[in-house]
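Positions in the sequence shown are counted from 1; adding 1 to them yields this note's numbering.
For every residue, glycine included, the Cβ atom is placed at its ideal position computed from N, Cα and C.
No experiment lies behind these values; they were computed from the predicted model shown.
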Amino acid sequence: MNSQLLPSPDVVFPNEYGTTCFLKNVITRPNIEVGDYTYYDDPVDPTAFEQRNVLFHWPEFGDKLIIGKFCAIASGVRFLMGSANHRMSSITTYPFHVFGGAWAERTPPHLSQLPFKGDTVIGNDVWIGRESVIMPGIHVGDGAVIGACSVVTRDVPPYTIVGGNPARLIRQRFDEELTDMLLALRWWDFDREALCGFLPILCSGDLEMVRDVIRDLLARRDQTSP
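If you want it as structure tokens, here you go:
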């Protein structure tokens with residue numbers, strides 16, 4: 002196989018359309034991590050993702066946005082990070098401190114009052130539909146699908162489809178056996194040559210054949226493991 006013909010994860014624009022970019026190559030913030038081949042699609046400027054689509058992400062607050070490999074992120078998807086929150090432990094949610102002066106002197110520092118939801122983590126091979134909003138601290142499992150215009154307020158299990166506002170489970174993508182095999186397979190970690198050879202399996206609609214191939218591959222992997 003000619004490795005020069007394999008798409009590189011290290012280019013900004015992977016095709017001629019100019020609306021899709023591989024995100025890891027345009028991220029500059031240290032509190033955002035994105036895996037290989039994950040793309041954002043936007044007809045205006047996909048390279049402005051971290052400025053336009055990751056909101057209220059102040060590094061001093063301490064939370065990260067972590068996105069795995071081979072994710073497809075549609076236009077207008079937004080990630081609300083932890084410092085978008087307001088204080089909920091008192092009788093008012095108004096952020097007096099940020100306006101300074103005597104208000105700041107008589108109130109605790111703003112960021113210290115906010116509920117900390119932790120990192121927002123998106124797994125591998127996740128498809129996030131257009132205009133969806135991911136709330137702070139959410140974990141989305143590998144292989145999940147989030148319907149367009151959803152507001153995700155709870156963790157999303159692997160290989161499920163969710164949608165709505167708030168997003169709710171629509172269905173499991175596969176049965177438990179195939180889901181477990183896919184999570185064990187971790188095809189997104191294959192090297193580039195092995196992945197290219199495996200593409201007919203990944204893109205086949207014959208799930209029983211796919212199940213048999215993956216089962217055999219996992220069995221052979223177990224036999225060769227130390």
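Asked                                                                                                                                                                                   : Found
Using DSSP with H/G/I as helix, E/B as strand and the rest coil, what is H58?                                                                                                           : coil
Alpha helix (DSSP H) containing G102: first to last residue?                                                                                                                            : G102 to E106
Quick check on this structure: which residue in N26, N32 and T108 has the alpha carbon closest to the alpha carbon of T39?                                                              : N26
T48 to P137, Cα distance in whole Å?                                                                                                                                                    : 22 Å
State buried or exposed for P109, treating a residue as buried only when at least 16 other CB atoms are found within 10 Å of its CB.                                                    : exposed
Which runs of the alpha helix (DSSP H) spanning at least 4 residues fall entirely within the segment 148-210, listed in chain order?                                                    : 177-186 and 193-203
Could you check whether the segment 78-90 touches the segment 100-107, counting it as contact only if at least three pairs of C-beta atoms, one from each stretch, sit closer than 8 Å? : no
Counting beta carbon pairs with one atom in the segment 191-203 and one in the segment 157-164, are three or more of them shorter than 8 Å?                                             : no
Between the C-alpha atoms of G142 and L6, what's the straight-line distance to the nearest angstrom?                                                                                    : 31 Å
If we count the other Cβ atoms within 10 Å of its Cβ and call it buried at 16 or more, is I171 buried or exposed?                                                                       : exposed
For V163, I'd like the list of residues in its chain whose CB is within less than 8 Å of its CB, leaving aside the five on either flank, ordered along the chain.                       : A145, V146, I147, G148, S151, V153, V157, R169, L170 and I171
What's the gap between the Cα of P60 and the Cα of V122?                                                                                                                                : 16 Å
Counting only runs of 3+ residues fully inside the segment 8-82, write out the beta strand (DSSP E) ranges in chain order.                                                              : 21-23, 33-35, 40-42, 66-68 and 79-81
Compare the C-alpha of L56 against each of I135, W128, T225 and T20 and name the closest.                                                                                               : I135
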